[in-house]
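Same order as they appear, the protein sequences are chains G and L. The opening residue of the first sequence carries number 0 in numbering that gives the first Met the number 0; numbering runs sequentially from there. The opening residue of the second sequence carries number 0 in numbering that gives the first Met the number 0; numbering runs sequentially from there. Data first, discussion second: the structure below is written as structure tokens.
Number of protein chains: 2
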Amino acid sequence: MQLHKRDLVDAATAILDNFGIADLTMRRLARELSVSPGALYWHFANKQELLGAVSDRILEPLGDPPGDWQDRITNTCCALRDALLSHTDGSELVSASFAAGQSRTMADLVGRLATAARDAGVAESDAELAARTVIYYVLGFTADEQSRLQWDAAGATLPEEQSVLTSEPSRRFAFGLGLLIGGLTVHSAGVVPPAAT
Amino acid sequence: MQLHKRDLVDAATAILDNFGIADLTMRRLARELSVSPGALYWHFANKQELLGAVSDRILEPLGDPPGDWQDRITNTCCALRDALLSHTDGSELVSASFAAGQSRTMADLVGRLATAARDAGVAESDAELAARTVIYYVLGFTADEQSRLQWDAAGATLPEEQSVLTSEPSRRFAFGLGLLIGGLTVHSAGVVPPAAT
DNA sequence: ACCTGAACACCGTTCAAGT
DNA sequence: ACCTGAACACCGTTCAAGT
């Protein structure tokens, strides 16, 4: 039967979940679909584009949260982190797609967070940067968290006494987020950030 | 003559600067050194370790700045950005080495920034996370900046009217940094960050 | 329109064997 | 101690040719 983009993304997501990003290759995907490697290039121009589609699939659960700007930032970031943690190497994959500009959903997220930043009093010219700064944090934090989680899951499972770096990750995630929201709050209060260089 | 670690890192850095990270392969490096690919594995256990050494080379210019905690964070971040921008794909390479825990210098940087965070009033248990949050920002911002710079350098050179995203990058860098320093400042003033999840 | 087969130009890593 | 040669097990991408 005919191959559709959806089928490729389904199978790619399954490989990701079961074997991780290192095994998510075009050839492996073709093998899984019982198809020649070249067939994939009828549906996607290249691997980057395919990975972008998988990223968007991973980010499908993200909604458009209501509330004031603080709530919207907090909810968006928590939902993003949850989505990334739901798939093996999720943060690594989405980080790469984001950097390559291949994820529609990440672009939308930047837009929404920029709106929240404007509502916080950030100037139009800096709103997107503020949005991206928040995203850098979520992607960086979650990549760290996930690599430690997956390393622990593979190795010895220290049952109670975990490292300070793996303990209470949600509380820690909120701390860093609070730093950024606090920064936006003082910014809107009229404090000028110190000059760099 | 004998091959030393230094020679490998020299040659690897030259490939990076002249051709970018995609061309920095073990086989290419061996060819450049007129040596068999296997020879490299006498000096480095694997590619990750070699890339870690290149990252440390790139970060060599970084000093240990004096001053109050705000100055130390600002100067460290600006020096880090400068070092990354001095080498083709510098931020991509160092980001990867940092994520893989292969750069001694990045580990040192986390330590120094954590000390600054403690001086800002951050609790011992959160100081390293605050340090990492600052680093996520610098790496994320600079990766973005560098990819746009390198894309512009390759394509059409729009001489005057640049996109809002590539204009005045240093001012924009300082803005995001100010957000984080502002967040640390209000934190030390006793404001509790809002809970996430 | 959609896919196969086969090729092109590569990878990272290992390891017996040489000097 | 340090390196070669050769192999192992792969990659992403292209493209004439088939249906």
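Glycine included, C-beta positions come from ideal geometry on N, C-alpha and C. Please read these numbers as outputs of a predicted model, since none were measured by experiment.
Item: Can you tell me whether Met105 of chain G is buried or exposed? The criterion is at least 16 other CB atoms within 10 Å of its CB, across all chains shown.; Value: buried
Item: Determine, using beta carbons only, whether His86 of chain L comes closer than 9 Å to chain G.; Value: no
Item: Closest to Ala78 of chain L by CA distance: which of L:Glu91, L:Trp68, L:Glu59 is it?; Value: L:Glu59
Item: Could you give the C-beta distance for Val53 of chain L and Leu108 of chain L, rounded to a whole number, given that I count them as a contact under 8 Å?; Value: With 8 Å as the limit, Val53 of chain L and Leu108 of chain L do not qualify as a contact, their Cβ atoms being about 16 Å apart.
Item: Sorted by chain position, which residues of the same chain lie with C-beta nearer than 6 Å to Ala116 of chain L's C-beta, five sequence neighbours on each side aside?; Value: Ala126, Ala129, Ala130
Item: For Val185 of chain G, go through chain L and note every residue whose CB falls closer than 8 Å to its CB, in chain order.; Value: Gly181, Gly182, Thr184, Val185
Item: Please classify Thr75 of chain G: does DSSP put it in a helix, a strand, or coil?; Value: helix
Item: Between which two residues does the alpha helix (DSSP H) harbouring Ala123 of chain G extend?; Value: Correcting the residue type first, residue 123 of chain G is Glu in the shown sequence and not Ala. Note, Glu123 of chain G: alpha helix (DSSP H), 123-153.
Item: Starting from the N-terminal side, write out each stretch of the alpha helix (DSSP H) that is 4 residues or longer and does not extend beyond the segment 165-190 of chain L.; Value: 168-187
Item: Cα separation between Ser90 of chain G and Ile14 of chain G?; Value: 15 Å
Item: Kindly indicate if chain G contains any beta-carbon less than 9 Å away from that of Ile134 of chain L.; Value: yes
Item: Among G:Ala188, G:Leu176, G:Trp150, G:Leu112, which residue has its Cα nearest to the Cα of Trp68 of chain G?; Value: G:Leu112
Item: Give a yes or no on whether the minimum CB-CB distance between Leu164 of chain G and chain L is below 9 Å.; Value: Reliability of the predicted coordinates at Leu164 of chain G is poor, the pLDDT of 48 falling under 50, and the value obtained from them is presented with this limitation in mind. Closer than 9 Å to some Cβ of chain L, the Cβ of Leu164 of chain G qualifies, so yes.
Item: Beta-carbon within less than 7 Å of Leu164 of chain L's beta-carbon, same chain only, minus the 5 sequence neighbours each way: which residues are those?; Value: Residue confidence is low: Leu164 of chain L scores 48 on pLDDT, short of 50, so the model does not pin down where it sits. Its coordinate-derived value is still stated next. Cβ neighbours of Leu164 of chain L beyond the five flanking positions: Arg147.
Item: Give the straight-line distance between the Cα atoms of Gln145 of chain G and Phe97 of chain L, rounded to the nearest whole angstrom.; Value: 14 Å
Item: How should Asp9 of chain G be labelled, buried or exposed, when 16 other C-beta atoms within 10 angstroms of its C-beta is the threshold for buried?; Value: exposed
Item: Could you tell me the distance, in whole angstroms, from the CA atom of Ser94 of chain G to the CA atom of Ala38 of chain L?; Value: 34 Å
Item: Find out if the Cβ-Cβ distance for the pair Leu83 of chain G, Tyr135 of chain L is shorter than 9 Å.; Value: no
Item: Using a Cβ-Cβ cut-off of 6 Å (strictly less than) and excluding sequence neighbours within five positions of Asp55 of chain L, which residues of its own chain qualify?; Value: Ser102, Arg103, Thr104
Item: Pick from L:Ala119, L:Leu179, L:Glu31: whose alpha carbon is nearest that of Leu2 of chain L?; Value: L:Glu31
Item: Among residues of its own chain, excluding the 5 on either side of Val133 of chain G, which ones have a beta-carbon nearer than 7 Å to its beta-carbon?; Value: Ile72, Cys76, Leu112, Leu179
Item: Is the separation between the beta-carbon of Ala99 of chain G and that of Gly51 of chain G shorter than 9 Å?; Value: yes
Item: May I have the straight-line CA-CA distance separating Pro168 of chain G from Ser124 of chain L, to the nearest angstrom?; Value: 12 Å
Item: Quick check on the burial criterion: 16 or more other C-beta atoms within 10 angstroms. Buried or exposed for Phe18 of chain L?; Value: exposed
Item: Comparing the C-beta of Ala146 of chain G with each C-beta of chain L, is any distance below 9 Å?; Value: As written in the sequence, residue 146 of chain G is Ser, which differs from the Ala given in the question. Ser146 of chain G counts as touching chain L.
Item: Would you give the residue range spanned by the alpha helix (DSSP H) that Gly89 of chain G belongs to?; Value: 89-98
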